[in-house]
Ligand SMILES: Nc1ncnc2c1ncn2[C@@H]1O[C@H](COP(=O)(O)OP(=O)(O)OP(=O)(O)O)[C@@H](O)[C@H]1O
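Numbering (our numbering), first residue to last: 23 to 227.
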């Protein structure tokens with residue numbers, strides 16, 4: 023899928039967070055959205071994923087020759103971000119069952135393979151509310167990357183991960199995102215060093 027931004031801007035009240043963005047995020051490429059704390063990375067990702075509307079300009083989502091409307095977008099994307107909460111009353115098994123009622127599996131995965139990938143077979147019947155923050159972050163990343171979506175958005179992907187979790191994240195990216203559009207919001211190079219393109223939000227202040 024290609025996502026094309028036409029003179030895109032977003033403000034909160036009187037404050038422009040970014041404006042005048044003309045840019046295309048192209049199929050099969052990986053992009054890092056870069057900028058310091060508070061610069062607007064998450065805001066841009068929320069606009070790109072239809073969680074926020076633009077204040078000016080527009081976006082088009084093009085899958086081959088087919089234009090996707092913003093209300094259909096959720097069928098084509100997956101997201102892991104600090105502001106996307108897990109349903110903590112569910113056990114891990116229940117959460118995976120629930121999630122994959124709405125999403126298809128990435129061709130390489132099923133529930134057992136995801137539990138194995140997460141190294142959480144023994145926690146499958148434990149409620150998410152009892153998971154550590156690093157375990158929850160792994161679950162968020164696995165749900166996003168192991169769904170069969172054209173576009174994967176990851177905002178601050180290694181937050182709460184330790185050094186072995188960071189390596190696990192990089193292995194997950196290699197295993198699941200080669201043939202998709204990948205967009206990462208980050209200000210830590212270890213999270214995005216492998217990306218094809220770097221997009222600096224401060225250019226559009
Ligand atoms: N709902 C909102 N209402 C008002 N202002 C907001 C809202 N959401 C974000 N902002 C403001 O927009 C600016 C950009 O915030 P955003 O979270 O997009 O930055 P970020 O680059 O993702 O930051 P970080 O690296 O700290 O996660 C900040 O000044 C923030 O206070």
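Ideal Cβ placement from N, Cα and C applies to all residues, glycine included. This structure is a prediction, so every number in the text was calculated from the model and none was measured.
Measure the C-alpha to C-alpha separation of residue 165 and residue 136 and round it to an integer number of angstroms.
-> Counted from its first residue, the chain shown places residue 165 at position 143. Counted from its first residue, the chain shown places residue 136 at position 114. Here the alpha carbon of residue 165 sits roughly 9 Å from the alpha carbon of residue 136.
Which value, in whole angstroms, describes the spacing of the CA atoms of residue 151 and residue 199?
-> Numbered from 1 along the chain shown, position 129 holds the residue referred to as residue 151. Numbered from 1 along the chain shown, position 177 holds the residue referred to as residue 199. Each residue's CA atom was taken as its position, placing residue 151 and residue 199 some 28 Å apart.
Near ligand 1: residue 65 beta-carbon under 7 Å from a heavy atom | Sequence index remark: in the chain shown, residue 65 carries index 43 (1-based). It does: the Cβ of residue 65 is within 7 Å (strictly closer) of some heavy atom of ligand 1.
Residue burial classification, residue 75 (beta-carbon count within 10 angstroms, cutoff 16) = Residue 75 sits at position 53 when you count from the first residue of the chain shown. So residue 75 counts as exposed.
Output the distance between the C-alpha atoms of residue 155 and residue 182, rounded to the nearest integer angstrom.
-> Counting from one through the chain shown, the residue named residue 155 turns up at place 133. Counting from one through the chain shown, the residue named residue 182 turns up at place 160. If you draw a straight line from the Cα of residue 155 to the Cα of residue 182, it is about 6 Å long.
Alpha-carbon spacing of residue 65 relative to residue 40, whole angstroms = The count along the chain shown starts at 1 and reaches residue 65 at position 43. The count along the chain shown starts at 1 and reaches residue 40 at position 18. Rounded to the nearest whole angstrom, the CA to CA distance from residue 65 to residue 40 is 9 Å.
Run the proximity test for residue 61: is its beta-carbon closer than 7 Å to any non-hydrogen atom belonging to ligand 1?
-> Along the chain shown, read from residue 1 onward, the residue named residue 61 stands at position 39. Within the cutoff, so yes.
Buried or exposed for residue 60, please, with buried defined as at least 16 other CB atoms from any protein chain shown within 10 angstroms of its CB.
-> Taking the first residue of the chain shown as position 1, residue 60 is located at position 38. Under the 10 Å beta carbon count, residue 60 is surrounded by fewer than 16 other beta carbons and is classified as exposed.
DSSP beta-bridge partners for residue 11?
-> There is simply no residue 11 to check, as the chain begins at 23 and stops at 227 in what is shown.
Are residue 175 and residue 195 close, meaning C-beta to C-beta below 8 Å?
-> The residue labelled residue 175 in the question sits at position 153 within the chain shown. The residue labelled residue 195 in the question sits at position 173 within the chain shown. Taking a C-beta distance under 8 Å as the contact criterion, residue 175 and residue 195 do not qualify as a contact pair.
With hydrogens ignored, establish whether the beta-carbon of residue 209 is closer than 7 Å to any heavy atom of ligand 1.
-> In the chain shown, residue 209 corresponds to position 187, counting from 1. It does: the Cβ of residue 209 is within 7 Å (strictly closer) of some heavy atom of ligand 1.
Throw me the rounded Cβ distance for the residue 162 and residue 108 pair, which I believe falls under 8 Å.
-> In the chain shown, the residue the question calls residue 162 occupies position 140. In the chain shown, the residue the question calls residue 108 occupies position 86. Their Cβ separation, rounded to whole angstroms, is 7 Å, which keeps residue 162 and residue 108 in contact under 8 Å.
Residue 215 versus residue 125: straight-line alpha-carbon distance, rounded = Along the chain shown, one-based indexing puts residue 215 at 193. Along the chain shown, one-based indexing puts residue 125 at 103. In this model, residue 215 and residue 125 are separated by some 29 Å (Cα to Cα).
Per DSSP, residue 39 forms a beta bridge with which residues?
-> Locating residue 39 in the chain shown gives position 17, counting from the first residue. Residue 39 has no beta-bridge partner at all, per DSSP.
Flag this pair as yes or no: are the beta carbons of residue 27 and residue 72 separated by less than 8 Å?
-> Indexing the chain shown from 1 puts residue 27 at position 5. Indexing the chain shown from 1 puts residue 72 at position 50. Using a Cβ distance threshold of 8 Å, residue 27 and residue 72 do not count as a contacting pair.
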